[in-house]
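Undergrad: Sharing a structure here in structure tokens format.
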Amino acid sequence: MPKMRDASAHDLDHPQDRHRRILAAWLLTIAAMVAVMVTLGGLTRLTGSGLSMTQWNPHHILPPLDAGQWQEAFALYRQSPEFRLINTQMDLAGYQSIFWLEYIHRLWGRLIGLAFALPLVWFVWRRMVPAGWLPRLLALLALGGGQGVMGWLMVASGLADRPEVSHFRLAAHLLLALVILAALIWCALALRDHPRQRQRLLFTTLWLVAALTLAAMSWGALVAGLDAGRIHNTFPLMQDGWLPSPPLGNAITDAASVQYVHRVLAITAWACLSLLAAWSWRRHGPRPLLLTGAWVQVQAGLGIATLLHGAPLVLAALHQGGALVLVALLTWALFSVRR
464 MPKMRDASAH DLDHPQDRHR RILAAWLLTI AAMVAVMVTL GGLTRLTGSG LSMTQWNPHH
524 ILPPLDAGQW QEAFALYRQS PEFRLINTQM DLAGYQSIFW LEYIHRLWGR LIGLAFALPL
584 VWFVWRRMVP AGWLPRLLAL LALGGGQGVM GWLMVASGLA DRPEVSHFRL AAHLLLALVI
644 LAALIWCALA LRDHPRQRQR LLFTTLWLVA ALTLAAMSWG ALVAGLDAGR IHNTFPLMQD
704 GWLPSPPLGN AITDAASVQY VHRVLAITAW ACLSLLAAWS WRRHGPRPLL LTGAWVQVQA
764 GLGIATLLHG APLVLAALHQ GGALVLVALL TWALFSVRR
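Counting from 464, one number per residue, gives the positions in the sequence shown under my numbering.
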């Protein structure tokens, strides 16, 4: 009889475990969609497509479907600073060539919203959400909505007076995407795992290094927004010295200074993660930390190659994609050593 009671208890727990696995797989799917979204966003910036759609209209799904609608969209674009100051000779065919990537980028963002909201309603209705998890999932949904608003505010900054978006808003847009990606992965891991004690010192140290890495990525976004990757294309020196010439200026507005700060932060983060991975390897530490240390070597190589070649599209896109992988691995590593 005791064995039968144990079996019954196990059967009762089994549906809860299955629900957690389903929710975790769903969140990881959303995380993958967010990674694709960030990649598309980088491509729209690198190809000059980001300002082709001059209205937000989040309720509109379909693109222009006939000649009249295309002319209407093109007429709106012709009123933008980018057309008036840069693409003055662009015709309708040229406009269509930059329209589609931005359209796919926005459409993908709306698909992410639907892929999160609709299953969430189903999971709540089926009582599959564990106790205490609904507020976290709603917070993730709110972050996604905030990201859409932030994206439009970024685009709007390039539609007023000058044909370029605010590099501050671009950095905020990217950082919020990275936070959402990390939060999705963390929640998915938490749904699949059970709390356990880890080394407090290692956890705190890795958090500090993760914050440093995020700061390096922040200045990397500023580099992208200012096109600072196309100057001082030497490494490790900046042309003939360790400091840019002319001397350092404002660290968030001067292109050469922004690139310098990004270099310093990135090299420091690379060194810290490499040392942590080496220490973990000697102490037989968690695998995610070792993988993070290995990947940061790849990311550093991509960053140097992007700089030396003047930030070409392929290398710049790979470097941004590498940052997404690094964030995912760092999140996994942090989770594996959490308190």
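A virtual CB, placed ideally from N, CA and C, is assigned to each residue, including glycine.
Can you give the Cα-Cα distance for LEU797 and THR755, rounded to whole angstroms?
TA: 10 Å
Undergrad: In this structure, does DSSP put MET591 in helix, strand or coil?
TA: coil
Undergrad: Tell me the DSSP bridge mates of GLY704?
TA: MET701
Undergrad: Using a Cβ-Cβ cutoff of less than 7 Å, which residues in the same chain neighbour TRP758 once the five nearest sequence positions on both sides are dropped?
TA: VAL788, LEU789, LEU792
Undergrad: Kindly indicate if chain C contains any beta-carbon less than 8 Å away from that of VAL584.
TA: Considering every chain present, this structure includes no chain C. It has just one protein chain.
Undergrad: Given the structure, does VAL777 come close to the ligand HEM, in the sense that its CB is under 7 Å from one of the ligand's heavy atoms?
TA: Only the bare structure without any ligand can be found here, which leaves the ligand HEM out of the picture.
Undergrad: Mapping the DSSP letters down to three states, classify GLN610 as helix, strand or coil.
TA: Helix at GLN610.
Undergrad: Output the boundary residues of the alpha helix (DSSP H) element that contains GLY764.
TA: 750 to 771
Undergrad: Can you tell me whether DSSP reads THR551 as helix, strand or coil?
TA: DSSP places THR551 outside both helix and strand once states are collapsed to three, so it counts as coil.
Undergrad: Going by alpha carbons, who is nearest to GLN783 out of GLY621, GLN534, LEU641?
TA: LEU641
Undergrad: With burial defined as no fewer than 16 other Cβ atoms inside 10 Å of the residue's Cβ, what is the status of MET467: buried or exposed?
TA: Model confidence at MET467 stands at a pLDDT of 44, short of 50, so the residue's coordinates are unreliable and nothing is read from them.
Undergrad: When the distance is taken between beta carbons, is SER515 closer than 8 Å to TYR558?
TA: yes
Undergrad: Taking the CB atoms as reference points, tell me whether ILE485 and MET617 lie closer together than 8 Å.
TA: no
Undergrad: Helix, strand or coil, according to DSSP, for ARG483 in the structure here?
TA: helix
Undergrad: Please report how far the alpha carbon of TRP682 lies from the alpha carbon of ILE715, in whole angstroms.
TA: 8 Å
Undergrad: What does the alpha-carbon distance come out to for the pair TRP563 and VAL686?
TA: 26 Å
Undergrad: Assuming ILE493 and ILE575 form a contact by the criterion Cβ under 8 Å, report the distance between their Cβ atoms to the nearest whole angstrom.
TA: At roughly 7 Å, the Cβ-Cβ gap stays under 8 Å, so ILE493 and ILE575 are in contact.
Undergrad: Using 8 Å as the threshold, is the C-beta distance between VAL800 and LEU669 below it?
TA: yes
Undergrad: Please look up how many angstroms separate the CB atoms of TRP571 and VAL628, rounded, as I've assumed it's under 8 Å.
TA: Not confirmed; about 19 Å, so no contact.
Undergrad: Tell me the DSSP secondary structure of GLY557 in three-state form.
TA: helix
Undergrad: For the region 498 to 578, which segments carrying the alpha helix (DSSP H) assignment without a break, of at least 4 residues, lie completely within its bounds, in sequence order?
TA: 530 to 541, 544 to 548
Undergrad: Check whether the region 608 to 624 and the region 634 to 649 touch, using three or more Cβ-Cβ pairs below 8 Å as the test.
TA: yes
Undergrad: Give the secondary structure of ALA470 by DSSP, where H, G and I count as helix, E and B as strand, and everything else as coil.
TA: Unreliable placement is indicated for ALA470, whose pLDDT of 44 sits below 50; the coordinate value is still reported in the next sentence. Reduced to three states, the DSSP call for ALA470 is helix.
Undergrad: Excluding the 5 residues flanking GLY852 on each side, which residues of the same chain have their C-beta closer than 6 Å to its C-beta?
TA: One cannot answer for residue 852 here, as it falls past the ends of the chain, which runs 464 to 802.
Undergrad: Considering LEU711, what are the terminal residues of the alpha helix (DSSP H) in which it resides?
TA: Taken as a continuous stretch (DSSP letters only), LEU711 belongs to no alpha helix (DSSP H), as it is neither H nor E.
Undergrad: With DSSP as the reference, label ALA733 as helix, strand or coil.
TA: For the record, residue 733 in the displayed sequence is Trp; it is not Ala. The answer is helix: DSSP assigns TRP733 an H, G or I state.
Undergrad: Confirm, please, whether the CB-CB distance from ALA645 to THR794 is below 8 Å.
TA: yes
Undergrad: With a 10 Å radius around its C-beta and 16 neighbouring C-beta atoms as the bar for buried, classify ILE561 as buried or exposed.
TA: buried
Undergrad: Who are the near neighbours of GLN479 in its chain, counting only those whose CB is closer than 6 Å to its CB and skipping five residues on each side?
TA: none
Undergrad: Taking ALA530 as the reference, which of ILE524, LEU776, ALA538 has the closest Cα?
TA: ALA538
Undergrad: Less than 8 Å between the beta carbons of TRP489 and PRO582, yes or no?
TA: yes
Undergrad: Could you give the distance in angstroms between the alpha-carbon of TRP596 and the alpha-carbon of ARG663?
TA: 25 Å
Undergrad: Just to confirm before moving on: does the CB-CB distance between MET701 and PRO707 stay below 8 Å?
TA: With contacts defined by Cβ atoms closer than 8 Å, MET701 and PRO707 form a contacting pair.
Undergrad: Between LEU776 and THR769, is the Cβ-Cβ spacing less than 8 Å?
TA: Not closer than 8 Å, so no.
Undergrad: Is ALA716 helix, strand or coil by DSSP?
TA: Note on identity: in this sequence residue 716 is Thr, with Ala being the wrong assignment. Coil at THR716, not helix or strand.
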